[in-house]
Each structure stands twice: as structure tokens, then as C-alpha cells.
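Trainee:
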Amino acid sequence: MNSRQLSKLTARLGFWLLVAFVVVVAVFPFYYAIKTSFTPSSELFRVELWPTQATLANYLQIFSQRSFLQAIFNSVVVATSVVFIALLLGITASYALGRVRFRGRTMVLLVILGVSMFPQVAVLSGLFEVIRALNLYNNPGGLILSYTIFTLPFTVWVLTTFMRQLPMELEEAAIMDGATPWVTITKVFLPLMWPAMATTGLLAFIAAWNEFLFALTFTLTDSQRTVPVAIALLSGGSAYELPWGPIMAASVVVTVPLVVLVIIFQRRIVSGLTAGAVKG
Amino acid sequence: MSTPVTESAPIPARPLPAHYRSTKVRRQRVRAAWYFLTPMLVTLSMVAGWPLLRTLYFSFTDASLSDMGDPLFIGLENYLVYDNGRWFGVLADPTWWQAVWNTAYFSVVSVSLEVVFGVIVALILNAEFKGRTLVRAAVLIPWAIPTIVSAQMWAWMLNDQFGIINHLLMTFGIIASPIAWTADASYSMWAVIMVDVWKTTPFVALLVLAALQMLPKDCYEAAEVDGIHPVRVFFKVTLPLITPALMVAVIFRLLDALRVFDVIYVLTSNSTSTMSMSVYARQQLVEFQDVGYGSAASTLLFLIIALATVAYLYLGRKQLQLGGE
């Protein structure tokens, strides 16, 4: 009896240790970045787990740079536009793929799945040419266009899954009333799709906000860059004098909104990710 | 975007089935489907289909970034050519093969670790305990952090002089002197793998967790009644049942790992000891301005990923057929 209780206690203790370990590993780097962002640069060489002195100097420094503010603005514009386009094209396409039986549907779905597997670098030179031809080089427009390569297939895929789950009766009633497919989408399905659209929109936003390769390649000047590139290039100076305080401050500024969004919408995100992956 | 408004179908006396199958409505729907698909298909062909074909074409030319206008067709020279007693081209470049090896090593090691850790984290999150929601939110944080930011955060923590990791390891007496994690060739790959595993384990954990929550409860109750050890239950019951979800997670992660770019670019720049195929291709394309050569490398990467996908799907199906009931 006693030894059984003991082993039960050890098991529980072990479990809680494991939970604590997982949480610390997951959170610590972000905590440490926040801590560093408040550390005065003179204190950076003293490695400490807890802040002893706090300063806003690093934040003041990055926010006094016009290029950083511009980068945030560019990122917001690019990510929002990408989400809008992906949802607009995605909702109509997913109606077609989710609710209508037609020849070539499987083919289209396979193409979409194929595109989502593309290594970005494989289209880099071809896309570079397209963007130049459209006069969108070094312009957020070029990024908006190029980001649809990964946001669109994913949006269509997830929305199609959701679309399929909606009851058939709704659509039959609409057809009975003589509604055209366009009316069916906008008046019948759209009101029911908001949760799915919020989820896919958020995931597309995160993907666009985080993208690096295209942003690095298709922009040239500071004023056209997005935040990931701005942060990566903050360290571009000499290898021995990296401005770690400002880099961490910028990192925190860029990450906090995402972390807050993800925590608020975590249930939605989980269902969105699994709808896209497991059921697909 | 608008669709032509066709006249509404006549309302039949006997409703649904017959009406729904009426060819008029069906034809209308099929036509509408294609109208609806067109904008998406046009966009995808503009950003994916056409650029891919152009990349393929460039790989057979001497195009350069400064002059992509009218490149000269040079056949397979970017891939492999024998000239003056020596082999040239991507396939003869030891750096390329190093990049292939790096990418394969990175992919296999980090995806394996992510699957193992992902399953463990998912099992934890699947257990009933106080504060589970909080723990789940905490676990999601690495996934929410942009790759670039997580690479910078770790670069700072792994800094050889002022990094907290060296500091901690030295405090605990694990290492005697600071390690140059990102600069030293023997450690940098592990640094890259560590950052990737940290960032993407939550993704695998979420997919596995979703599968775990769909498992039937009764076999666990039966196992508990029979007094079967939980570890045995995991390997005999849980693991086989979540295998399909795991396979999905693995293919997603594998495809991501094979095209890895940003973690490596930020942590170790263009160092050959960690260079991935994507980093190699981009360096040729953008920094060396050699679009033809870089496109050849990109095409090879594309082929490798396509091949890996097909092989994985084929083997996966076969294995499921053999193992499944």
C-alpha cells in the first residue's frame, strides 16, 4: 500500500517535472529575448538570467529609425493584402472544389497540393522575371503577388475541407429557390464560413508576416523591406559588434502581436491546422 | 468577379432529387465552378506554373541576373560538362554535394527529433491536469515566433562570448571553455538543428494531439482493466492508431526541411558546413548573379523534393496496406 502510494507520487512528480521542463524550454528563449531587449548595452556582457537594470533605450533606438517603422508598415500592408486576396480567391475556388462534382476536380486538387510543396527557391528565378516584367521589383506589390504561391493553395485546401462539411440541405434549398451559385456562396455559405475564414486568414497572415526568402530577394532598399528582412539585416555589420539589444527589441516588437493572436485564437488555429493537414 | 446570371430553373412538382440532378442545374453549377476556379488557377500559374517552367528553361541557358533578356541556350552545361580535362557544373561541384548532404542530414535528424518530441509533448497535452490550457498556449509560442526572429534569438543565446547557453553550460561544469556554436563547423549544424526542432516541435505536437483526441476511449479502459503497462499500451494501441497523423506530420515537416533556408541563412550565413540546397541555389542566383547555374541547382532541388514526396507516398501507402487490417 505504502510503496504503491510512493510510486504513484513519484509518477506524478515526474509528470509535473516533465511539464515544467517543456514549458521552460518553450518559453525561455522568448523570455530571454524580452529580458535582453530591456538590458542596457553596457550590461550585455554580463550574462544574467534575471534583469538587474531595465532601460527603454533599445526600443527608443529602433523606433527612432524611420526604416524600421516603414518595415512594419510594409509588413502590415503585404500581410493584410495577401490575406484578403487568398480569402477572396479561396472562397470561390473552395465552393467549386468542395460542392460541385465536375470532371478534373481531382486534378485541380492535386495541382494545388503540388504547388504547396514547391521549394520556394525553385521558382525564384522565374518569379523574379515575372515581377520585373510587371514592374513590381522592389515594391510591396511584388511580395503580395509572390506570397500567393504559399497562402493560396493552403487557403483553398482548408476552406474546401470546411465547405464540404456544410449540410447539403442548405444548398438544395437555395437551388430550389432558384439561386445562382454566386448567390448561394455570398448569401448562404459566406455567413457560415466566417470561423473557417478567420482561421485560414490568421494562418495566412502569420505565414506572410514571417516570410523571408522572397522578401529578401525581391526588395532592394530599406524603405521597401518587410520586418523579417529588416531584423535579419540589422546584424549585417561587423561580426564582433552586433547590436543585440536593438535586435532583440525589434524581435519582441514583431513577435508580441503574433504570440497574442495565437494565444487568443489557439483553439481555432489547432482546428485549422488539423483540418488542413490530417483530414486533407 | 461575377458570373453570368442564367435564368432560374423551373420549380418542379416533385422536388429535390430529380430537380437536383436535372442537367440544367448541373451544367450551370459545373460552368460556375470553372468560373470560380479561374482566378485562382490564373494566379497560381502566374506565381508557380510559369516561373517553374522559366526556371527550368534558365537552367539550360547562360542567363545572368543583370541580363535575363535573351540568354544563350547552352544545354546541360550548367549541370555537367567536360571541358579541358575537368568536369564542371552543379553536379561536379563539391559544395553542391556538401549542400545535398547537409540538407539530407538536417532533414533526417531534425524531423526525427521533432516527431519524438512532438509525440511526447502531445501525450502530455492529452493528459488531464490543471492548467492544461496554459501549458498548451506556452507550447505554441515557439511556433508563433517568426523563423527569422527565433534564429536571431538563438544566435544571441548561442553567442560564444556573451551567450546564456555557454554561460549555463560552464556554470554547471559541462564545458570548460565557451563554444563558438554558430561559427565552429563541428557545432553549427547542431545549432541549426536545435533551433529548428525548438521552433517546429509544437506543429508536430498539435497534429498528433488532434489524432490522440479522436482515439476511442474503450480500448484504454479495457487495457486498464487488464492491467497492461501504459508503455505497452502506447506501442501496441496508441502508436498504430496515430500513425496516419504522424505520417502527415512527417511529410509536411520533411518537405519544409528539404527546402530549409531562413534558419540557416540567419544563423550561419553562407558557411559551407551548414549550407542547404536552397541556400546554395540562392547564393548562385542572387549573390553570384548566375541565374543559369542557380536555376540548375533549383531544378535539382525541385526534382529531389518531388522524388522524395513520391517515394514517401508510395512507401507510406504500401506500409499502411501491409500493416493495416
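Here the protein sequences line up with chains A and B, keeping their order. Just so we're aligned, residue 12 is where the first sequence starts under my numbering, counting upward by one. Just so we're aligned, residue 13 is where the second sequence starts under my numbering, counting upward by one. Glycine is no exception: its CB is placed at the ideal position from the N, C-alpha and C atoms.
Could you check whether the Cβ of residue 176/A sits closer than 9 Å to any Cβ belonging to chain B?
Mentor: no
Trainee: Look up residue 76/B in the DSSP assignment and give the residues it is bridged to.
Mentor: For residue 76/B, which the question treats as bridged, DSSP gives the partners 79/B.
Trainee: What did DSSP end up calling residue 57/A once you bin it into helix, strand or coil?
Mentor: If DSSP states are grouped into helix, strand and coil, residue 57/A belongs with coil.
Trainee: If you count every other CB in all the chains shown that lies within 10 Å of the CB of residue 211/A, and 16 or more means buried, which is it?
Mentor: buried
Trainee: Check this for me: beta carbons of residue 243/A and residue 278/B, under 9 Å apart or not?
Mentor: yes
Trainee: Does the distance from the CB of residue 93/A to the CB of residue 158/B come in under 9 Å?
Mentor: If you check the CB distance, residue 93/A and residue 158/B do not come in under 9 Å.
Trainee: Would you kindly report the start and end of the unbroken beta strand (DSSP E) that includes residue 94/B?
Mentor: 93-95
Trainee: Please go through the same chain and pick out, in chain order, the residues whose beta-carbon is closer than 7 Å to the beta-carbon of residue 240/A, but skip the five residues on each side of it.
Mentor: Excluding residues up to 5 positions away in sequence, 223, 226, 227, 230 lie with their Cβ nearer than 7 Å to the Cβ of residue 240/A in the same chain.
Trainee: Indicate whether at least one CB of chain A lies closer than 9 Å to the CB of residue 210/B.
Mentor: yes
Trainee: With 9 Å set as the bound, which would you pick, yes or no: does the beta-carbon of residue 248/A sit closer than that to a beta-carbon of chain B?
Mentor: With a pLDDT of 49 at residue 248/A, under the threshold of 50, the predicted position of this residue should be treated as unreliable, though the coordinate-derived value follows. No, its Cβ sits nowhere closer than 9 Å to a Cβ of chain B.
Trainee: For residue 67/B, decide whether its Cβ has a neighbour in chain A, counting only Cβ atoms nearer than 9 Å.
Mentor: yes
Trainee: Residues of chain A with a CB under 7 Å from the CB of residue 307/B: which are they?
Mentor: 136
Trainee: Below 8 Å on the Cβ atoms is my contact criterion, and I expect residue 129/B with residue 213/B to pass it. Report the Cβ-Cβ distance as a whole number of Å.
Mentor: 5 Å
Trainee: For the stretch 143-159 of chain B, which residues have a CB atom closer than 7 Å to at least one CB atom of chain A, in sequence order?
Mentor: 147, 148, 149, 150, 151, 152, 153, 154, 156, 157, 158, 159
Trainee: How about residue 122/B and residue 209/B: do their beta carbons lie closer than 9 Å?
Mentor: A contact, by the Cβ cut-off of 9 Å.
Trainee: Thinking just about the alpha-carbon of each residue, which of 64/A, 117/A, 107/A, 140/A is nearest to the one in residue 58/B?
Mentor: 140/A
Trainee: Would residue 55/B count as contacting chain A if we go by Cβ distances under 9 Å?
Mentor: yes
Trainee: Buried or exposed: which applies to residue 3/B, given that a residue is buried once 16 or more other Cβ atoms fall within 10 Å of its Cβ?
Mentor: Residue 3/B cannot be examined here, being either before or after the span of chain B that is shown, 13 to 337.
Trainee: Report the option in 34/A, 203/A, 155/A, 245/A whose CA atom is closest to the CA atom of residue 177/A.
Mentor: 203/A
Trainee: Please confirm whether residue 21/B has its beta-carbon closer than 9 Å to some beta-carbon of chain A.
Mentor: The predicted model places residue 21/B with a pLDDT of 42, which falls under 50 and marks its position as unreliable; any figure quoted below should be read in that light. Interface criterion met: the Cβ of residue 21/B is under 9 Å from a Cβ in chain A.
Trainee: Starting from residue 100/B, trace the beta strand (DSSP E) in both directions and tell me its first and last residue.
Mentor: Element bounds for residue 100/B: 98-100.
Trainee: Just confirm the distance between the C-beta atoms of residue 83/B and residue 70/B, as a whole number of angstroms; I'd bet it's less than 8 Å.
Mentor: 7 Å
Trainee: Closer than 8 Å, Cβ to Cβ, to anything on chain B: give me those residues from the stretch 130-158 of chain A, in chain order.
Mentor: Going along the stretch 130-158 of chain A in chain order, one finds 130, 131, 132, 133, 134, 135, 136, 137, 138, 139, 140, 141, 143, 156, 157 with a Cβ nearer than 8 Å to chain B.
Trainee: Measuring alpha carbon to alpha carbon, tell me which of 274/B, 271/B, 241/B, 220/B ends up nearest residue 253/B.
Mentor: 220/B
Trainee: Quick check on DSSP: helix, strand or coil for residue 95/A?
Mentor: helix
Trainee: Residue 101/A CB to nearest chain B CB: under 9 Å?
Mentor: yes
Trainee: Quick one: what does DSSP say residue 139/A is sitting in, helix, strand or coil?
Mentor: helix
Trainee: Is the beta carbon of residue 292/B closer than 9 Å to that of residue 111/B?
Mentor: yes
Trainee: Can residue 195/A and residue 180/A be called in contact, C-beta distance under 9 Å?
Mentor: Against a cut-off of 9 Å, the Cβ pair of residue 180/A and residue 195/A comes out as no contact.
Trainee: Could you name the residues of the same chain whose beta carbon sits closer than 7 Å to that of residue 260/A, not counting the 5 residues immediately before and after it, in chain order?
Mentor: 48, 69, 70, 73
Trainee: Can you name, in chain order, every residue of its own chain whose Cβ lies under 7 Å from the Cβ of residue 82/A, other than the five neighbours on each side?
Mentor: Contacts found: 236, 237, 238, 241.
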